[in-house]
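In my numbering, the protein residues as written are -11 to 133.
#1: Fully enclosed by the region -11 to 33, which beta strand (DSSP E) runs are 3 residues long or longer?
#2: Am I right that residue 85 and residue 72 are in contact with their C-beta atoms under 8 Å? What's the rounded C-beta distance?
#3: Using the three-state DSSP reduction, which class does residue 100 fall into: helix, strand or coil?
#4: How would you write the range of the beta strand (DSSP E) that residue 60 sits in, first residue to last?
#5: Can you tell me whether DSSP reads residue 77 as helix, strand or coil?
#6: Residue 90 to residue 127, Cα distance in whole Å?
#7: From residue 49 to residue 94, what does the alpha carbon distance come to, in whole angstroms?
#8: Terminal residues of the continuous alpha helix (DSSP H) containing residue 89?
#9: Starting from the C-beta of residue 27, find all residues in its chain whose C-beta is less than 6 Å away, skip the five residues before and the five after it, and write them out in chain order.
#10: Just how far apart, CA to CA, sit residue 67 and residue 43?
#11: Quick one: using the 10 Å Cβ neighbour count with 16 as the cut-off for buried, is residue 30 buried or exposed?
#12: List the residues that DSSP assigns as beta-bridge partners of residue 44.
#13: If you compare alpha carbons, which of 19, 131, -7 is closest to residue 39?
#14: Nearest to residue 14 by alpha carbon, out of -9, -10, 54?
#15: Applying the criterion that 16 or more other CB atoms from any shown protein chain within 10 Å of the CB defines a buried residue, is residue 79 buried or exposed?
The structure is reproduced here in structure tokens:
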């Protein structure tokens, strides 16, 4: 959704700020070529004010094959005041996010998003490694049944 997911920013209305905005756009477009870039961090920022949490979004759009890519980041708390943090420091359980994506057979791209820290190469390497570990754990769990 719009980041931050607020009704307007600088006097400009935001349409992709909640579940209803996405649903309306999907209904208007009615196209196989229109999908969702699911930003986990922004959904975490918005919390319940977005109409659905990130897990409900995954369960709604995943089976419809409308999640095309995932921006993967975490925050310490929802609006009005939040801080972007490393994946393992936020309030969302990022393993459960990956697990939910796996449950709906998500086959798109997961992108590290807004990696914190003042050493971008090291921070990015940590984030990518963490994402890979989450994916491997989820895949192993699903292989076991």
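Ideal Cβ positions, reconstructed from N, Cα and C, are used throughout, including at glycine.
Result, derived from the coordinates:
#1: 24 to 27
#2: No, residue 85 and residue 72 are not in contact; Cβ-Cβ is about 15 Å, not under 8 Å.
#3: strand
#4: 55 to 60
#5: Residue 77 carries a coil assignment under DSSP once its states are collapsed to helix, strand and coil.
#6: 8 Å
#7: 10 Å
#8: Element bounds for residue 89: 82 to 91.
#9: 59
#10: 18 Å
#11: Taking every protein chain shown into account, the CB of residue 30 has 16 or more other CB atoms within 10 angstroms, so this residue is buried.
#12: Its beta-bridge partners do not exist; DSSP assigns none.
#13: -7
#14: 54
#15: exposed
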